[in-house]
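Sequences listed follow chains A and B, in order. Each residue of the first sequence is one higher than the one before, starting from 1051 at the first, in the working numbering. Each residue of the second sequence is one higher than the one before, starting from 1047 at the first, in the working numbering. Think of the CB as a built atom: it goes at the ideal place given N, C-alpha and C, for glycine as much as any other residue. So the structure is just underneath, and the comments pick up after that.
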Amino acid sequence: AQSVAQPEDQVNVAEGNPLTVKCTYSVSGNPYLFWYVQYPNRGLQFLLKYITGDNLVKGSYGFEAEFNKSQTSFHLKKPSALVSDSALYFCAVSSVTGGFKTIFGAGTRLFVKA
Amino acid sequence: ETGVTQSPTHLIKTRGQQVTLRCSSQSGHNTVSWYQQALGQGPQFIFQYYREEENGRGNFPPRFSGLQFPNYSSELNVNALELDDSALYLCASSPTGANTGELFFGEGSRLTVL
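This is the structure we're talking about:
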């Protein structure tokens, strides 16, 4: 079975500082990894994905994520946080062995303070 | 290009009733996935439809059922509603049955069961 863990319920960071939102996964075979963002009372919006290739992937709004196979991690990062980045962030995984069902983590709430 | 649309946006039901939620997929997408997102939790996979056939199911009881129509729109039906069914129900479409790419989410249908 595949699963995703987001160990932090909440991350607080000051505007202008770098941010990291952590994600680890468990899957048989090669993972397809995703980050999504959710604003209040809205659906999820895609930020970025890792399928294959470079371990560092870049996505929307200046976000990037680093795939680390040995640590089974896919942490979301941004060099300089904005107040408008405050939202709920979800890590997700799918795989061939998982029948391509996309499974989401519990989410991490990011607060960026001005 | 029309995005994913869901209806109704909000509804209130009582225990034991039945509900039907509807989703129109994004143009060109033939796969629809349904998720349940309880308050403060990540989206939980209910099932996926690909070309009118169920193509994967999560850990939900049979009273959760679905349909996909020839135009790739979809319905989620829930019978014998329980209080714990109160949640945001999200529909997501994707261009193929293999979720190696991102999901495109609607805004969701918020169901309250009293």
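Quick one: give me the first and last residue of the beta strand (DSSP E) that residue i is part of.
i          : result
Thr1066(B) : 1065-1070
Ala1133(B) : 1133-1140
Ala1164(A) : Counting along the chain, Ala1164(A) falls outside any beta strand (DSSP E), and DSSP gives it neither H nor E.
Asn1101(B) : 1099-1103
Pro1081(A) : 1081-1088
Ala1142(A) : 1137-1145
Gly1112(B) : 1110-1114
Lys1108(A) : 1106-1108
Lys1151(A) : Run containing Lys1151(A): none; DSSP gives neither H nor E here.
Val1172(A) : Nothing about residue 1172(A) can be read from this structure; chain A reaches only from 1051 to 1164.
Arg1061(B) : Per DSSP, Arg1061(B) belongs to no beta strand (DSSP E) and is neither H nor E.
Tyr1111(A) : Here Tyr1111(A) belongs to no beta strand (DSSP E), and DSSP marks it neither H nor E.
Phe1106(B) : Taken as a continuous stretch (DSSP letters only), Phe1106(B) belongs to no beta strand (DSSP E), as it is neither H nor E.
Leu1122(B) : 1120-1124
Asn1062(A) : 1060-1064
Arg1092(A) : First-last for Arg1092(A): undefined, no H or E at that position.
Is residue i near residue j, with beta carbons less than 8 Å apart?
i          : j          : result
Val1124(B) : Asp1130(B) : no
Gln1052(B) : Glu1148(B) : no
Val1146(A) : Gly1079(A) : yes
Leu1087(B) : Leu1127(B) : The sequence given here has Gln at residue 1087(B), not Leu. Not in contact: Gln1087(B) and Leu1127(B) (Cβ atoms no closer than 8 Å).
Gln1090(B) : Gly1104(B) : yes
Tyr1139(A) : Leu1160(A) : yes
Asp1059(A) : Thr1152(A) : no
Phe1154(A) : Val1054(A) : yes
Thr1124(A) : Tyr1082(A) : First, the amino acid is wrong: residue 1124(A) is Phe here, not Thr. Not closer than 8 Å, so no.
Tyr1155(B) : Pro1054(B) : For the sequence presented, residue 1155(B) should be read as Ser rather than Tyr. Yes; because the gap between Cβ atoms is below 8 Å, this pair is in contact.
Nearest to residue i by CA position, among the options, is which residue?
i          : options                                        : result
Gln1056(A) : Thr1122(A), Gly1112(A), Lys1128(A)             : Thr1122(A)
Arg1097(B) : Val1159(B), Gly1104(B), Tyr1135(B), Ser1120(B) : Ser1120(B)
Gly1049(B) : Ile1101(A), Thr1102(A), Gly1093(A), Gly1103(A) : Gly1093(A)
Arg1068(B) : Pro1108(B), Leu1057(B), Phe1106(B), Asn1101(B) : Leu1057(B)
Pro1141(B) : Leu1085(B), Ser1155(B), Leu1134(B), Gln1094(B) : Gln1094(B)
Gly1162(A) : Ala1051(A), Thr1070(A), Val1054(A)             : One detail in the question is off: residue 1162(A) reads as Val in this sequence, not Gly. Closest option to Val1162(A), Cα to Cα, is Thr1070(A).
Thr1102(A) : Ala1164(A), Pro1068(A), Ala1115(A)             : Ala1115(A)
Val1087(A) : Val1077(A), Leu1098(A), Pro1081(A)             : Leu1098(A)
Gln1095(A) : Val1054(A), Asp1135(A), Ser1076(A)             : Asp1135(A)
Val1159(B) : Pro1054(B), Lys1059(B), Thr1055(B)             : Lys1059(B)
Phe1115(B) : Ala1133(B), Glu1100(B), Gly1062(B)             : Glu1100(B)
Leu1085(B) : Ala1133(B), Ser1155(B), Ser1139(B), Ala1138(B) : Ala1133(B)
Leu1113(B) : Gly1062(B), Ser1079(B), His1075(B)             : Ser1079(B)
Since I believe residue j is in contact with residue i (beta carbons under 8 Å), could you give me their beta-carbon distance rounded to a whole number of angstroms?
i          : j          : result
Gly1112(A) : Trp1085(A) : The Cβ separation is near 13 Å, so there is no contact.
Gly1066(A) : Ala1131(A) : 7 Å
Tyr1089(A) : Phe1117(A) : The pair is not a contact, with the Cβ atoms about 26 Å apart (cut-off 8 Å).
Tyr1081(B) : Leu1136(B) : 4 Å
Gln1150(B) : Gln1072(B) : Going by the sequence as given, residue 1150(B) is Phe instead of Gln. Indeed, because the Cβ distance is near 5 Å, the residues count as touching under 8 Å.
For a cutoff of 8 Å on Cβ pairs, would you count residue i as touching chain D?
i          : result
Glu1121(B) : Absence of chain D from the displayed structure is noted, the protein chains being A and B.
Would you check whether the ligand NAD has a heavy atom nearer than 7 Å to the C-beta of residue i?
i          : result
Trp1080(B) : Questions concerning the ligand NAD fall outside what the structure shown contains, since it holds no ligand whatsoever.
Legend entry - Residues within the segment 1094-1128 of chain A neighbouring chain B, beta-carbon criterion of under 8 Å: Of all residues in the segment 1094-1128 of chain A, only Leu1094, Gln1095, Phe1096, Lys1099, Ile1101 place a beta-carbon less than 8 Å from a beta-carbon of chain B.
Legend entry - Within 7 Å of chain B by C-beta, residues of the segment 1131-1155 of chain A in sequence order: Using a CB distance below 7 Å, the part of the segment 1131-1155 of chain A facing chain B consists of Phe1140, Ser1144, Gly1149, Phe1150, Lys1151, Thr1152, Ile1153, Phe1154, Gly1155, ordered along the chain.
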